[in-house]
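*Asks:* Quick one: structure below, then a few questions.
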């Protein structure tokens, strides 16, 4: 009975977000562009993609200047909000187990944050924990930021996410890191989500991340970091 209620609640929240994206959000978005002299009709057929590192791509609009205005608006005002809509609506994300969902969203959060503060696309595949508990494998600027900053709640959150990613990377192995692009289409005057799925086999990944009796995903993480350092 509890599972049924929970499923109904998830469906209700998803329907709410779909309606909000289609109505309130679409109206806000269009009004912002209309204030710049761009009409709703000029946006018809538009597609917007937001990569995990935050890069925005706009297609489906012939006029280059209009495309650039849309891209700028998303980057400066709406990127985070659109990402929240995508994760709340796309079945490929919403149907994940809680463990796998956390892994996938940690990857997105870390990629966006590190790109924002360093300007670099930083690989997450070869990160490790050093014996003194620092994050190894980060380039200079990012390493200093994550490992040397004190008493900063955001940095602590990112470091926790990185530790989680490192542990899951050890478990996922050759399957790779779960990455997705938030995609939207604008049709009949309103936005909807275009579920693009993941870059890896999420069913196989979920099986690996599902805890088994006496399993500990961090069991060899520190051993690995010692080998890396030595």
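Residue numbers (the working numbering): -15 to 214. Don't be surprised by glycine CBs; every beta carbon is placed ideally from N, CA and C.
1) Could you tell me the boundaries of the alpha helix (DSSP H) in which residue 143 lies?
2) Assess, as a yes-or-no matter, whether the stretch 142 to 158 is touched by the stretch 10 to 28 under the definition of 3 or more beta carbon pairs within less than 8 Å.
3) For residue 104 and residue 36, I'd like the C-alpha separation in whole angstroms.
4) Which residues in the same chain have their Cβ closer than 7 Å to the Cβ of residue 182, if we skip the five residues on either side of it in sequence?
5) Please state the DSSP three-state secondary structure of residue 100.
6) Round the Cβ separation of residue 224 and residue 38 to the nearest angstrom and send it over; I've been treating them as touching at under 8 Å.
7) Which class does residue 195 belong to by DSSP, given the choice of helix, strand or coil?
8) Give me the Cα-Cα distance between residue 244 and residue 125, rounded to the nearest whole angstrom.
9) Give the single residue among 20, -2, 26 whose Cα lies nearest to the Cα of residue 174.
10) Could you work out which residue in 141, 79, 71 is closest to residue 94 when comparing CA atoms only?
11) Of the residues 5, 146, 56, 195, which one's Cα is nearest the Cα of residue 92?
12) Can you grab the Cα-Cα spacing for the pair residue 83 / residue 102, in whole Å?
13) In or out: residue 53 buried (at least 16 other Cβ within 10 Å) or exposed?
14) Quick one: residues in its chain with C-beta nearer than 6 Å to the C-beta of residue 33, no 5 flanking neighbours on either side, listed in chain order?
15) Leaving out five residues on either side along the sequence, give the residues of the same chain with a beta carbon under 8 Å from the beta carbon of residue 80.
16) With a threshold of 6 Å on Cβ separation, who are the neighbours of residue 2 within its own chain once the five nearest residues in sequence on each side are excluded?
17) Whole angstroms are fine: how far does the CA of residue 143 sit from the CA of residue 170?
18) Measuring alpha carbon to alpha carbon, tell me which residue in 106, 121, 177 is nearest residue 113.
19) Leaving out five residues on either side along the sequence, give the residues of the same chain with a beta carbon under 7 Å from the beta carbon of residue 51.
20) Could you check where the alpha helix (DSSP H) with residue 73 kicks off and where it finishes?
*Replies:* On the basis of the supplied data:
1) Taking the chain shown and counting its residues from 1, the one referred to as residue 143 is at position 159. Counting along the chain, the alpha helix (DSSP H) containing residue 143 begins and ends at 137 to 156.
2) With a cut-off of 8 Å, the stretch 142 to 158 and the stretch 10 to 28 do not count as touching, because too few Cβ pairs lie within range.
3) Residue mapping note: residue 104 aligns to position 120 of the chain shown, counting from 1. Residue mapping note: residue 36 aligns to position 52 of the chain shown, counting from 1. Looking at the two C-alpha atoms, the distance is approximately 13 Å.
4) Numbered from its first residue, the chain shown carries residue 182 at position 198. Scanning its chain for C-beta atoms nearer than 7 Å, with the 5 sequence neighbours on each side dropped, one finds around residue 182 the residues 76, 162, 163, 164, in chain order.
5) On the chain shown, residue 100 is found 116 positions in, with the first residue counted as 1. DSSP places residue 100 in helix when its eight states are reduced to three.
6) Outside the shown range of the chain (-15 to 214) lies residue 224, about which nothing can therefore be said.
7) Position 211 of the chain shown holds residue 195. The answer is coil: DSSP assigns residue 195 none of H, G, I, E or B.
8) Shown here, the chain extends from -15 to 214; a query on residue 244 therefore has no answer.
9) Locating residue 174 in the chain shown gives position 190, where the first residue counts as 1. Minimum Cα distance to residue 174 is reached at 26.
10) Numbered from its first residue, the chain shown carries residue 94 at position 110. For the residues 141, 79, 71, the minimum Cα distance to residue 94 belongs to 141.
11) Residue numbering aside, residue 92 sits at position 108 when the chain shown is read from its first letter. Taking only the C-alpha atoms, the option nearest residue 92 is 146.
12) For the purposes of this step, residue 83 is identified with residue 99 of the chain shown, where counting begins at 1. For the purposes of this step, residue 102 is identified with residue 118 of the chain shown, where counting begins at 1. C-alpha of residue 83 to C-alpha of residue 102: approximately 28 Å in a straight line.
13) As a working mapping, residue 53 is identified with position 69 in the chain shown. So residue 53 counts as buried.
14) Your numbering for residue 33 matches position 49 in the chain shown. Spatial neighbours of residue 33 in its own chain (CB-CB distance under 6 Å, excluding positions within 5 residues in sequence) are listed in chain order as 41, 165, 167.
15) Residue mapping note: residue 80 aligns to position 96 of the chain shown, counting from 1. Cβ neighbours of residue 80 beyond the five flanking positions: 88, 186, 190.
16) Numbered from 1 along the chain shown, position 18 holds the residue referred to as residue 2. Cβ contact annotation for residue 2 (same chain, cutoff 6 Å, sequence separation greater than five): 73, in chain order.
17) In the chain shown, residue 170 corresponds to position 186, counting from 1. In the chain shown, residue 143 corresponds to position 159, counting from 1. Their backbone Cα atoms lie some 36 Å apart in a straight line.
18) The residue you call residue 113 lines up with position 129 of the chain shown. The residue with the shortest Cα to Cα distance from residue 113 is 121.
19) Reading the chain shown from its first residue, position 67 is the one you call residue 51. Excluding sequence neighbours, residue 51 sits near 42, 45.
20) Position 89 of the chain shown holds residue 73. Residue 73 -> alpha helix (DSSP H) spans 63 to 73.
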